[in-house]
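K.L.:
Let me give you the structure first, and then I'll get to my questions.
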Ligand code: SF4
């Protein structure tokens, strides 16, 4: 696969490529990975604006590409409804959820542990149960302070490649694609959200960074749930 290998190369391309060049590049990356990994290539769909674009691109490459969604008891009702509609439309999508008992206030007292249990652990299950050798994400390097140094292809876990095919896209280009190709999107964006997560940890903000509304009031503010930073192939613990 031909991809940018350093953060410097990535940052040059973010402003150096136009919208169409980025779309073509993303399609090429998914297509090459599909050729290499076959059914082991699976799309992680968070039901956010970036994920629906990646999912649409993947379906343009091959309509049989599978996906998985991780949901939690704390997802907003609108997101749960959007998830039901997505699964109905794409039955090749599997849903993973951790129903382990946790203290009611865990999202506030220990969001890292909460995310680890409710978000990271189900991703591990998905990777194991679906036989994933390459997972595809909607990560973008212009989303916020924690996302500036990723690459289009990563191998954090042995024998598990991670493809970030829209890493170079600006937020504007995501909405451009959604509008042009009429991709269904979570209606919560109409309320003013720019980044969606669980209800207790997601707020509407007007700051510069898209992820500023995530985990406000905690040490995790604007940060990560852990699926892009924690090991995903270790033994299941919950
Ligand atoms: S986003 Fe909040 S509620 Fe959701 S898993 Fe993480 S800490 Fe828990």
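Residue numbers (this note's numbering): 6 to 243.
Beta carbons: idealized from backbone N, C-alpha and C, even for Gly.
Computed from a predicted structure; not experimentally measured.
Say yes only if the C-beta of residue 127 is nearer than 7 Å to one or more non-hydrogen atoms of the ligand SF4, and no if none qualify.
P.N.:
Residue 127 Cβ: outside cutoff for every heavy atom of the ligand SF4.
K.L.:
Answer yes or no: does any C-beta atom of chain C fall closer than 8 Å to that of residue 175?
P.N.:
Here chain C cannot be found, since the structure has a single protein chain.
K.L.:
With a Cβ-Cβ cutoff of 8 Å, do residue 112 and residue 162 count as a contact?
P.N.:
Result no, Cβ atoms of residue 112 and residue 162 do not sit closer than 8 Å.
K.L.:
What does the shell around the ligand SF4 hold, if a residue joins when its beta-carbon is under 6 Å from any heavy atom?
P.N.:
The answer, residue by residue, is 77, 79, 112, 116, 119, 120, 123, 124, 202, 203, 205, 206 and 230.
K.L.:
Does residue 242 pass the burial test, meaning 16 or more other C-beta atoms within 10 Å, or should it be called exposed?
P.N.:
Interpretation of residue 242 is limited by its pLDDT of 46, a score under 50 that renders its predicted location unreliable; no figure is taken from the coordinates.
K.L.:
Using alpha carbons as the reference points, say which of 234, 171 and 73 lies closest to residue 15.
P.N.:
For the residues 234, 171 and 73, the minimum Cα distance to residue 15 belongs to 171.
K.L.:
Between which two residues does the beta strand (DSSP E) containing residue 49 stretch?
P.N.:
Note, residue 49: beta strand (DSSP E), 46–49.
K.L.:
With residue 32 as the anchor, note down where its beta strand (DSSP E) starts and where it stops.
P.N.:
It is not in any beta strand (DSSP E) - residue 32 instead sits in the alpha helix (DSSP H) that spans 24–42.
K.L.:
Give, in chain order, every unbroken run of the beta strand (DSSP E) that is at least 3 residues long and sits entirely within the region 45–109.
P.N.:
Whole beta strand (DSSP E) segments, 3+ residues: 46–49, 71–75 and 98–101.
K.L.:
Can at least three beta-carbon pairs, one atom from the region 43–62 and one from the region 85–99, be found at a separation below 8 Å?
P.N.:
The region 43–62 is in contact with the region 85–99.
K.L.:
Note the first and the last residue of the continuous beta strand (DSSP E) segment covering residue 188.
P.N.:
Here residue 188 belongs to no beta strand (DSSP E), and DSSP marks it neither H nor E.
K.L.:
Quick check on the burial criterion: 16 or more other C-beta atoms within 10 angstroms. Buried or exposed for residue 199?
P.N.:
By the neighbour-count rule (16 or more Cβ atoms within 10 Å), residue 199 is buried.
K.L.:
Would residue 128 be called buried (16 or more neighbouring beta carbons within 10 Å of its own) or exposed?
P.N.:
Buried, since its Cβ has 16 or more Cβ neighbours within 10 Å.
K.L.:
From what residue to what residue does the beta strand (DSSP E) around residue 129 run?
P.N.:
It is not in any beta strand (DSSP E) - residue 129 instead sits in the alpha helix (DSSP H) that spans 126–134.
K.L.:
Could you have a look at residue 19 and say whether DSSP puts it in helix, strand or coil?
P.N.:
Helix at residue 19.
K.L.:
From residue 44 to residue 66, what distance separates their C-alpha atoms?
P.N.:
In a straight line, the C-alpha of residue 44 is about 13 Å away from that of residue 66.
K.L.:
In the DSSP assignment, find the unbroken beta strand (DSSP E) run with residue 238 in it and report its ends.
P.N.:
It is not in any beta strand (DSSP E) - residue 238 carries neither H nor E in the DSSP assignment.
K.L.:
Find out if the Cβ-Cβ distance for the pair residue 168, residue 139 is shorter than 8 Å.
P.N.:
Their beta carbons are under 8 Å apart, which means residue 168 touches residue 139 by this criterion.
K.L.:
Going straight from the alpha carbon of residue 77 to that of residue 103, what length do you get?
P.N.:
So the alpha carbons of these two residues sit roughly 7 Å apart.
K.L.:
Taking the C-alpha atoms as reference points, what is the distance between residue 41 and residue 114?
P.N.:
In a straight line, the C-alpha of residue 41 is about 43 Å away from that of residue 114.
K.L.:
Could you tell me which of 207, 87 and 125 sits nearest to residue 226, measuring between CA atoms?
P.N.:
Of the candidates 207, 87 and 125, the one whose C-alpha sits nearest the C-alpha of residue 226 is 207.
K.L.:
Looking at the secondary structure, which residues open and close the alpha helix (DSSP H) in which residue 120 lies?
P.N.:
It spans 116–120 - the alpha helix (DSSP H) in which residue 120 sits, taken as one unbroken run.
K.L.:
Need the endpoints of the beta strand (DSSP E) that residue 160 sits in, please.
P.N.:
From DSSP, the beta strand (DSSP E) with residue 160 extends over 158–162.
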